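**Q**
Chains as they are written, first to last, in the working numbering: chain A, 168 to 315; chain B, 116 to 646.
#1: On the CB-based measure, 16 or more other CB atoms within 10 Å of its CB, does residue 239 (chain A) come out buried or exposed?
#2: Would you call residue 222 (chain A) buried or exposed, if buried means 16 or more other Cβ atoms sit within 10 Å of its Cβ?
#3: Taking contact to mean 3 or more Cβ pairs, one atom from each stretch, closer than 8 Å, check whether the stretch 412-423 of chain B and the stretch 465-478 of chain B are in contact.
#4: Roughly how many angstroms lie between the CA atoms of residue 210 (chain B) and residue 192 (chain A), to the nearest whole one?
#5: So what does DSSP say about residue 255 (chain A), is it helix, strand or coil?
#6: Do you know offhand how far residue 408 (chain B)'s Cα is from residue 463 (chain B)'s?
#7: Return helix, strand or coil for residue 577 (chain B), following the three-state DSSP convention.
#8: Can you list, in chain order, the residues of its chain whose CB lies under 8 Å from that of residue 134 (chain B), leaving out five sequence neighbours each side?
#9: Going by the CB atoms, is the gap between residue 422 (chain B) and residue 373 (chain B) shorter than 9 Å?
#10: Using a threshold of 9 Å, state whether the C-beta atoms of residue 343 (chain B) and residue 400 (chain B) are closer than that.
#11: Taking C-beta pairs closer than 8 Å, name the residues in chain A that residue 138 (chain B) reaches, listed in chain order.
#12: Excluding sequence positions up to five away, which residues of its chain have a Cβ less than 7 Å from the Cβ of residue 559 (chain B)?
#13: Assuming residue 589 (chain B) and residue 221 (chain B) are in contact, meaning their beta carbons sit under 8 Å apart, how far apart are those beta carbons, in whole angstroms?
#14: Let's see if you can read the secondary structure: which residues bound the beta strand (DSSP E) around residue 300 (chain A)?
#15: Between the stretch 592-611 of chain B and the stretch 478-498 of chain B, do at least 3 Cβ pairs fall closer than 8 Å?
#16: Give me the Cα-Cα distance between residue 516 (chain B) and residue 508 (chain B), rounded to the nearest whole angstrom.
#17: Can you tell which of B:353, B:166, B:196 and B:314 has the C-alpha that lies nearest to the C-alpha of residue 128 (chain B)?
#18: So what does DSSP say about residue 194 (chain B), is it helix, strand or coil?
#19: Relative to chain A, which residues along the stretch 138-160 of chain B have a C-beta separation below 7 Å, given in chain order?
#20: Which whole-angstrom value is the C-beta distance of residue 140 (chain B) and residue 157 (chain B), which I expect to be below 8 Å?
#21: Between which two residues does the beta strand (DSSP E) containing residue 477 (chain B) stretch?
#22: DSSP state of residue 528 (chain B), grouped into three classes?
#23: Taking 7 Å as the limit between beta carbons, can you name the residues of its chain near residue 510 (chain B), skipping five residues before and five after?
#24: Please classify residue 468 (chain B): is it buried, with 16 or more other beta-carbons within 10 angstroms of its beta-carbon, or exposed?
#25: Would you tell me roughly how many angstroms separate the C-alpha atoms of residue 650 (chain B) and residue 613 (chain B), rounded to the nearest one?
#26: Output yes if chain B places a C-beta closer than 9 Å to the C-beta of residue 231 (chain A); else output no.
#27: Pair every Cβ in the stretch 349-369 of chain B with every Cβ in the stretch 378-391 of chain B, then say whether three or more of these pairs are closer than 8 Å.
#28: Start and end of the alpha helix (DSSP H) containing residue 517 (chain B)?
#29: Per DSSP, residue 488 (chain B) forms a beta bridge with which residues?
#30: Nearest-angstrom Cα distance between residue 554 (chain B) and residue 155 (chain B)?
#31: From this set, B:310, B:289, B:274 and B:519, which residue's C-alpha is nearest residue 346 (chain B)'s C-alpha?
#32: Between which two residues does the beta strand (DSSP E) harbouring residue 127 (chain B) extend?
#33: In the structure shown, what three-state DSSP assignment does residue 387 (chain B) receive?
#34: Thinking C-beta only, is residue 502 (chain B) closer than 9 Å to residue 593 (chain B)?
#35: Is the beta carbon of residue 292 (chain B) sitting closer than 9 Å to the one on residue 302 (chain B)?
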């Protein structure tokens, strides 16, 4: 694998890891599909085995029934906060590195110059947070969290 | 306090103002108090006015814009036109949302306008993509909110899925462009690695398959935003489903964003395209005009008719974009295609909003929706002389009839196409495109005149009632009046569109000459390449 990534890297510099990721992703997908289709001896069939998978619950009724749209709203809100936290990890790393050394990674310099880096980084996250907060308050006032 | 002076904040003043105002309205609209709700339209109007003022004060731009932002006369033009027409769009849309949805509706409208402004200042592919999506995503919701009808739901969902698909195509194209240049910066300041400098330094890179794939995919995404053939299928259904004033907004806002992004992209390529890409755009321009007008002829629904006319107008704008920015010294819209296209979209925005809003101001007595069928307009001029006069002026302008600004728009577009023919390496193709454009303008007269004739010459058959708020009538009157004023004083717009068109050109000054371009199999759209 490494040699393949290296040879790809020599073709177009910097894209080796991306090719590697591509191969891993495609390989994994193909492997999973293949494994599930290989007829093992252990393969059993039966009424229970062939029912729809419903997170371990016994499936009830038709799949086309109406369901409360809140599930979907809550999932979206979960995504909101999930993504927010994911963004905060790299931000925290850069922030503390900047606070310690006075200069952040060199990519940040052309964006914001050298002065007031930590203040800027903090403000940036504060703005991001404020925007998400507006979305949260909006959802709250809209009654997304009311379960009656 | 240092933060308040930060270059990013001072550069993005109008955009930040719009977004802050919209966020405030989003929350204020939920307070449920009727008084706050009634004040919201005026507040939205003031926010847009304030953004316009901020844009005016910052039109010179900072001495050095923060990286990934570009502040030049094109971005000022985008701000000026978007916010000015935004005011008209606000006027005609005040009555559209239900009382308790007003805050959300107006906030989404402002978000969408802020997106167009961001397209003007974006100097980075990722920022450009986000800006284009900021334009589109609120419009999906606006359509669904504008009517309680099932048709609005259908058109919203249709627009959403197709729009997401087009956005994905465009983003995929951006990833190829990133792959060729190794940077997402489009222009950057001098000395910074950018796609423009990469393409300028390696003429061969323009015809590389990777660049071509990227270019093709990005064109596809932008063609969707601009409703150019072959990505026009949704337009009629979506415009028909939305409330008329919202359809008017849909015809202008995403189209303008797409046009500005296209101009930026073309100047990134130094206005010299691979021959195949030139012919592709040529074909798109021609088929957009022809398909739009021919299908427009067959419509008996006025909203669908205007939607197809919008497709044809996209074709005219693409003719001007293909005409390119012309010779170095020539900034006038008769010689500079970019100026012509920018003038055209400003005029188109006003006449389109005016025409849709005029339709929206009349309703069948037995219905809660604005009139759709052309036949419903029979004899409407007798009962609604004002609305019909405004509709007639806007439609005449769409047709390109002399005492209206639409005539000047078409005149500039076709004369810039002829002007470019003398110098561009594909001169004959441009001449033919302009001639076929004339033919198309004649075809289009067929359905535009039918609309006017129905209002004025046919006996009344349907009982109509007026609809909407007083502000709707003011907005319609303003749009119609603007068509006449801009015919008399086109300099009001061209004085701004000329430097904007010139800026698009400036990136090309140190470009390779025709011989080299021809050797690399490219079509140079800048006229000075021959000297």
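Just so you know, even glycine gets a beta-carbon here, dropped at the ideal spot from N, CA and C.
It should be emphasised that the depicted structure is a prediction, and the values quoted were computed from it without experimental measurement.
**A** On the basis of the supplied data:
#1: With fewer than 16 Cβ atoms within 10 Å of its Cβ, residue 239 (chain A) is classed as exposed.
#2: By the Cβ neighbour-count rule, residue 222 (chain A) is exposed, with fewer than 16 other Cβ atoms within 10 Å of its own.
#3: Inter-segment contact for the stretch 412-423 of chain B and the stretch 465-478 of chain B is present: three or more beta-carbon pairs are separated by less than 8 Å.
#4: For residue 210 (chain B) and residue 192 (chain A), the gap between their C-alpha atoms comes out near 51 Å.
#5: Helix, per DSSP.
#6: If you draw a straight line from the Cα of residue 408 (chain B) to the Cα of residue 463 (chain B), it is about 16 Å long.
#7: Residue state, collapsed to three classes: coil.
#8: Answer for residue 134 (chain B): 225, 226 and 229, listed in chain order.
#9: Residue 422 (chain B) is positioned such that its CB atom lies no closer than 9 Å to that of residue 373 (chain B).
#10: Taking 9 Å as the Cβ cut-off, residue 343 (chain B) and residue 400 (chain B) qualify as a contacting pair.
#11: Residues of chain A passing the Cβ test: 298 and 301.
#12: These residues qualify, in order along the chain: 408, 411, 424, 427 and 514.
#13: 17 Å between Cβ atoms; not a contact.
#14: From DSSP, residue 300 (chain A) is part of no beta strand (DSSP E) but of the alpha helix (DSSP H) over 284-308.
#15: Contact between the stretch 592-611 of chain B and the stretch 478-498 of chain B is absent, with fewer than three C-beta pairs closer than 8 Å.
#16: If you take the alpha carbons of residue 516 (chain B) and residue 508 (chain B), they lie about 9 Å apart.
#17: Checking every option, the nearest Cα to that of residue 128 (chain B) belongs to B:166.
#18: Helix, per DSSP.
#19: Within the stretch 138-160 of chain B, the qualifying residues are 138, 141, 142 and 145.
#20: Contact doesn't hold; Cβ gap of about 11 Å is too wide.
#21: Residue range 477-479 is occupied by the beta strand (DSSP E) that includes residue 477 (chain B).
#22: Residue 528 (chain B) falls in the helix class under three-state DSSP.
#23: When the five nearest sequence neighbours on each side are left out, the beta carbons in the same chain lying within less than 7 Å of the beta carbon of residue 510 (chain B) are those of 470, 563, 566 and 567, in order along the chain.
#24: By the neighbour-count rule (16 or more Cβ atoms within 10 Å), residue 468 (chain B) is buried.
#25: For chain B, the structure presents residues 116 to 646; residue 650 (chain B) sits outside this window and is missing.
#26: No, no contact with chain B.
#27: Inter-segment contact for the stretch 349-369 of chain B and the stretch 378-391 of chain B is absent: fewer than three beta-carbon pairs are separated by less than 8 Å.
#28: Residue 517 (chain B): not part of any alpha helix (DSSP H); DSSP gives it neither H nor E.
#29: DSSP output for residue 488 (chain B) lists B:416 as bridge partner(s).
#30: Whole-angstrom Cα-Cα distance: 46 Å.
#31: The residue with the shortest Cα to Cα distance from residue 346 (chain B) is B:274.
#32: No beta strand (DSSP E) contains residue 127 (chain B), which DSSP labels as neither H nor E.
#33: If DSSP states are grouped into helix, strand and coil, residue 387 (chain B) belongs with the strands.
#34: Judged by beta-carbon spacing, residue 502 (chain B) lies beyond the 9 Å limit of residue 593 (chain B), meaning their Cβ atoms are not closer than that value.
#35: Contact flag unset, no.
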